[in-house]
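Those letters in the sequence shown? Residues 1 to 200, per our numbering, in order. Quick reminder that beta carbons are idealized off the backbone N, C-alpha and C, glycines included. Accompanying notes for the structure given below.
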Amino acid sequence: IVDGSDEKDALDALEDLPNSDSRKEDLVTRLEEVKEGLDLIALVEELVTMVNNSESKEDVDGARGFHTNEEGGKTISELVAELTNEELKETLTESLETVMPILNDTTAPEINIPDGAIVQSATIIVTDDSEVKIYLQTNDEEEKEISNNYEVLEGVHTVRVIDASFNEYTITFEVDTTAPEFNYASGTHLGANSEIIVTD
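Spelled out as structure tokens, the structure:
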């Protein structure tokens, strides 16, 4: 069976068989299995295409919905697991394994620096189970993509990370390497009631 017309031809041919033919019931069962397999091949292929072509979290959510909202309340993965054709089941399972980690991941990447931190030095380290994109904006400069384990210099930095499932997390922190200043130099002799002012 290649398409709907071939399926119709096969059904017509089976109808032409006499009911007394012992092969008829077996052939009908086999035809149903082939049809079921073709339907699942189409579903898995569409799901893989949806995930691979995703460009946003909304796209991934759409693929999640497509995977779960199948007739009978079963997911595409569950339908594949019920296949009686072991070779087809193995092939479709392998295809699903390429996209299910993305569909199952709803956790944003982790960054080693707390949001709002003020530190003397910082190397940006992002942890996630999938590939991530890391973007850095320093002071008023344009955002740029950086690699993991990226060391930043003094300034206010905003880091935005996005994983393969489009889970996103953003932090802002400051690297401050400038010591506070006093209004008097070290060693200065002060009179009574002198006001000491610290600026930072």
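Rounded to whole angstroms, what is the Cα-Cα separation between residue i and residue j?
i: P114; j: E142; result: 22 Å
i: L136; j: Y150; result: 10 Å
i: S121; j: N139; result: 16 Å
i: V175; j: V156; result: 6 Å
i: D129; j: K74; result: 27 Å
i: S186; j: T177; result: 20 Å
i: L190; j: I196; result: 10 Å
i: L92; j: P109; result: 29 Å
i: E154; j: T127; result: 23 Å
i: L103; j: K57; result: 10 Å
i: V161; j: T84; result: 43 Å
i: V201; j: N52; result: Nothing in the structure corresponds to residue 201, since the chain is present only between 1 and 200.
Report buried or exposed for residue i, applying the criterion of at least 16 other Cβ atoms within 10 angstroms of its Cβ.
i: G37; result: buried
i: A63; result: buried
i: F173; result: buried
i: I125; result: exposed
i: S165; result: buried
i: D200; result: exposed
i: S147; result: exposed
i: S194; result: exposed
i: I118; result: exposed
i: D163; result: buried
Provide the residue span of the alpha helix (DSSP H) that contains residue i, from first to last.
i: H189; result: Run containing H189: none; DSSP gives neither H nor E here.
Please list the terminal residues of the continuous beta strand (DSSP E) segment that includes residue i.
i: G73; result: First-last for G73: undefined, no H or E at that position.
i: E55; result: Note, E55: premise wrong, no beta strand (DSSP E); not H, not E.
i: L136; result: V132 to T138
i: I125; result: Unbroken run through I125: none, as it is neither H nor E.
So, helix, strand or coil for residue i, using DSSP?
i: T177; result: coil
i: F66; result: helix
i: D163; result: strand
i: G116; result: coil
i: E143; result: coil
i: E151; result: strand
i: E195; result: coil
i: D200; result: coil
Go through the region 83-113 residue by residue and report every complete run of the alpha helix (DSSP H) that reaches 4 residues or more, in order.
-> For the alpha helix (DSSP H) assignment, the uninterrupted runs of no fewer than 4 residues enclosed by the region 83-113 are, from N- to C-terminal side, 86-97 and 100-104.
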